[in-house]
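Numbering (our numbering), first residue to last: 55 to 536. Encoded as structure tokens, the structure appears first; notes follow it.
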């Protein structure tokens with residue numbers, strides 16, 4: 055019995071993978087009209103059960119699969135965020151799928167498989183495990199981007215995402231192969247032990263790390279690897295765009311943090327300048343490029359690029375405070391983005407989706423509660439106190455100042471001020487421009503519930519700031535200690 059492997063650390067992933075396959079079987083063997091709704095509810099139930107199974111793993115470090123898989127406070131926190139993001143994405147998509155004749159059981163199944171990949175990414179403790187999780191997530195997301203097969207925009211989004219994603223995977227694999235060639239191991243623990251000491255790091259290893267960073271930067275849409283984001287966000291069905299904006303970003307930034315701080319934590323000075331450069335480019339492009347956008351989904355794409363730039367400030371700090379800041383920022387980012395996309399999904403005229411920013415005119419008169427929620431999200435993304443977004447940016451900038459990255463912090467503040475312009479422009483259009491036609495009513499229970507909960511969390515986040523900060527601190531400490 056002692057020779058049996060310990061699968062307990064990977065129990066949530068195993069449960070979710072089994073649930074995804076079970077949902078696929080249900081979808082195949084039950085009539086289409088019944089299968090879609092049933093699989094949707096089964097997927098939600100499975101995610102809740104998996105979330106419950108993750109919770110008891112906090113406060114301990116667990117290793118599985120010969121050290122390739124790790125579970126600690128950091129993975130527990132980030133996995134719970136990923137699961138929550140997937141649950142909310144499924145909830146806000148139900149009415150959309152019905153209206154757009156996209157009710158196919160494969161939709162929740164693909165989201166479950168993508169979530170399994172994301173959870174594997176967060177727990178990866180080896181370059182091979184990292185790649186397996188990344189590709190399981192990516193392959194599911196490529197199909198989801200092109201899920202609305204009868205529209206050219208969706209098919210184009212899926213194809214662009216696939217081609218550029220394959221390129222980034224190639225870069226990442228090339229980086230992994232160079233790291234293995236020069237270090238002799240793919241294990242994070244092995245790499246950390248090889249890189250300890252005063253020996254000069256080989257140029258080949260640094261080049262490998264650069265390629266690895268490039269591959270990971272693509273996954274979080276950091277500049278200059280952001281090219282796919284605006285087109286995919288605009289072309290993919292809106293609930294799928296919401297999913298792309300939340301769960302995969304949280305998983306990718308978690309993986310980015312673990313890769314840079316765990317095996318390469320001793321080389322902070324070597325890779326810090328690359329992260330600073332990417333962070334500045336992402337913040338500046340996200341702030342200025344969004345100003346010219348007329349499509350709300352493209353605007354959210356550039357907004358997402360900017361947010362990843364802010365998150366990378368914490369990684370550039372290379373400290374426990376920086377990691378804590380990123381975790382807090384991604385928690386707030388989840389609430390703000392899901393809420394914003396729920397608002398976008400709720401806005402329809404004559405049964406058609408509203409995607410142009412100018413079409414938001416008069417929302418405050420036809421649906422004042424929805425306009426108020428949208429206002430809360432826009433103010434929060436601008437970083438206006440005392441909303442949640444302010445605290446996210448505050449702790450990120452604080453970590454940068456502690457690490458003496460004063461120029462980076464100043465650029466972040468300036469980019470935040472510039473970014474406030476396009477967020478507040480949306481508020482101005484909603485409240486002060488005259489509408490040509492009223493919006494459709496009502497918006498549906500699922501959407502209204504998500505909008506209400508996320509707007510309350512964003513508005514009153516300061517009440518739960520202390521426990522979230524404590525959880526983020528424990529997660530950051532577990533990662534640094536590991």
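Using N, Cα and C, we set each Cβ at its ideal position, and we do this for glycine too.
Using alpha carbons as the reference points, say which of the options lies closest to residue i.
| i | options | result |
| --- | --- | --- |
| residue 111 | 131, 95, 512 and 357 | 131 |
| residue 310 | 381, 342, 441 and 152 | 381 |
| residue 451 | 204, 408, 333 and 293 | 333 |
| residue 318 | 62, 456 and 250 | 250 |
| residue 485 | 443, 307, 71 and 424 | 424 |
| residue 166 | 213, 397, 102 and 121 | 102 |
| residue 133 | 98, 92 and 175 | 175 |
| residue 321 | 527, 247, 302 and 150 | 247 |
| residue 401 | 505, 449 and 358 | 505 |
| residue 278 | 232, 336, 498 and 206 | 336 |
| residue 155 | 116, 434 and 91 | 91 |
| residue 208 | 285, 280 and 340 | 285 |
| residue 183 | 199, 161 and 117 | 117 |
| residue 472 | 135, 126, 344 and 443 | 344 |
| residue 535 | 377, 398, 445 and 475 | 377 |
| residue 71 | 187, 266, 385 and 113 | 187 |
| residue 375 | 434, 397 and 529 | 529 |
| residue 349 | 414, 136 and 218 | 414 |
| residue 544 | 330, 299, 254 and 261 | This structure cannot speak to residue 544, because the chain is shown only from 55 to 536. |
| residue 75 | 137, 128, 160 and 109 | 160 |
| residue 138 | 477, 216 and 393 | 393 |
| residue 420 | 210, 157, 495 and 462 | 495 |
| residue 342 | 356, 163, 232 and 329 | 356 |
| residue 339 | 329, 327, 361 and 323 | 361 |
| residue 215 | 82, 64 and 196 | 196 |
| residue 315 | 290, 371 and 488 | 371 |
Quick check: is the beta carbon of residue i nearer than 9 Å to any beta carbon in chain B?
| i | result |
| --- | --- |
| residue 395 | Looking at the structure shown, chain B is missing, and only one protein chain is on hand. |
Could you name the residues that DSSP lists as bridge partners for residue i?
| i | result |
| --- | --- |
| residue 421 | Answer by DSSP bridge pairing: none, since residue 421 is not bridged. |
| residue 125 | 116 |
| residue 407 | 402 |
| residue 349 | 410 |
| residue 316 | Paired residue(s): none; residue 316 is not in a bridge. |
| residue 180 | 241 |
Mind checking residue i: buried by the 16 CB within 10 Å criterion, or exposed?
| i | result |
| --- | --- |
| residue 325 | buried |
| residue 95 | exposed |
| residue 204 | exposed |
| residue 54 | What is shown of the chain runs 55 to 536, which leaves residue 54 out entirely. |
| residue 61 | exposed |
| residue 460 | exposed |
| residue 282 | buried |
| residue 501 | buried |
| residue 67 | buried |
| residue 56 | Any reading at residue 56 must be qualified, since the residue scores a pLDDT of 49, below 50, and its modelled position is unreliable; the value itself is stated next. By the 10 Å Cβ count, residue 56 comes out exposed. |
| residue 532 | buried |
| residue 224 | exposed |
| residue 304 | buried |
| residue 256 | exposed |
| residue 458 | exposed |
| residue 464 | exposed |
| residue 482 | exposed |
| residue 126 | buried |
| residue 524 | exposed |
| residue 352 | buried |
| residue 313 | buried |
| residue 106 | exposed |
| residue 288 | buried |
| residue 347 | buried |
| residue 254 | exposed |
| residue 514 | exposed |
| residue 520 | exposed |
Between which two residues does the alpha helix (DSSP H) carrying residue i extend?
| i | result |
| --- | --- |
| residue 167 | 160 to 177 |
| residue 323 | 322 to 343 |
| residue 288 | 282 to 289 |
| residue 451 | 442 to 456 |
| residue 265 | 257 to 273 |
| residue 475 | 460 to 486 |
| residue 111 | Run containing residue 111: none; DSSP gives neither H nor E here. |
| residue 515 | Neither: residue 515 is in no alpha helix (DSSP H) and is coded neither H nor E. |
| residue 439 | No alpha helix (DSSP H) holds residue 439; DSSP gives it neither H nor E. |
| residue 65 | 65 to 83 |
Sorry if obvious, but does the Cβ on residue i come closer than 8 Å to a heavy atom of the ligand PLP?
| i | result |
| --- | --- |
| residue 296 | In the structure shown, the ligand PLP is absent, as is every other ligand, since no ligand is present at all. |
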